[in-house]
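Residue numbers (the working numbering): 4 to 207.
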């Protein structure tokens, strides 16, 4: 009888150890994947900030063109200002807060749309298109827009890796123990017409 009790005690102890190791392993995996998402989210913010930093030079350049449509560059300036007016809590919370994420993405999409309209308007100003300053901005904008697309895609990939691990058994049964620490990550959604890459060409 004593031997059976001892054997049962060993089994119970082994089960407890395995359970603890499983929880620890799950936590460590989620931390690693969460950190990857946070790092990639930082990259997304960096490339969006680079685009915003180009706006003042772009506006200053087009303002120097004779009779350039004032409403066009004012719309760009206002859209950039809205990006800068987002609440400080929006950025760090966005990956796990659908509302904050949508607010951030909407502001960035609006800035991108107004920039596109400005660049189309530039087609009516041959002298402006031929200026060296504008050609330099062309190259910087092309590179930045391409980088934004790349970093958004990479963010979605890291968010998907996290969400997949989070929602797969046995993690899905354990993740609730950690509270909101490991909430699901939000994805960037493709914009209407996103299947067609934007063209930024001032050389024509």
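Even for Gly, the Cβ is constructed at its ideal location relative to N, Cα and C. Every value quoted in this text rests on a predicted model; they were computed, and no experiment measured them.
| Asked | Found |
| --- | --- |
| Alpha-carbon to alpha-carbon, residue 181 and residue 168 | 15 Å |
| Expected contact under 8 Å - CB spacing of residue 162 and residue 188 to nearest Å | 4 Å |
| Contacting residues, own chain, Cβ-Cβ under 7 Å from residue 32 (five flanking each side not counted) | 168 |
| Three CB pairs or more closer than 8 Å across the region 110 to 130 and the region 22 to 30 | no |
| C-beta contact flag for residue 78 and residue 110 at 9 Å | no |
| C-beta contact flag for residue 92 and residue 84 at 9 Å | no |
| Classification of residue 50 by the beta-carbon crowding that lies within 10 angstroms, buried from 16 upward | buried |
| C-alpha distance - residue 34 paired with residue 15, whole-angstrom precision | 29 Å |
| Backbone secondary structure at residue 38 - three-state DSSP | helix |
| Cβ-based neighbour list, residue 71, same chain, cut-off 6 Å, excluding 5 preceding and 5 following | 65 |
| Own chain residues within Cβ distance below 7 Å of residue 60, not counting five before or after | 140 |
| Sequence-distant residues of its chain with Cβ nearer than 7 Å to residue 204 (five each side left out) | The pLDDT assigned to residue 204 is 45, lower than 50, so where the model puts this residue is not dependable, and the model offers no usable value. |
| DSSP-derived helix/strand/coil call for residue 149 | helix |
| Alpha carbon of residue 197 to alpha carbon of residue 174, nearest angstrom | Note that residue 197 scores 43 on pLDDT, short of 50, meaning its location in the model is unreliable; the coordinates nonetheless yield the value given after this. C-alpha separation (whole angstroms): 34 Å. |
| Selected residue, minimal CA-CA separation from residue 68, among 58, 133, 100 and 114 | 133 |
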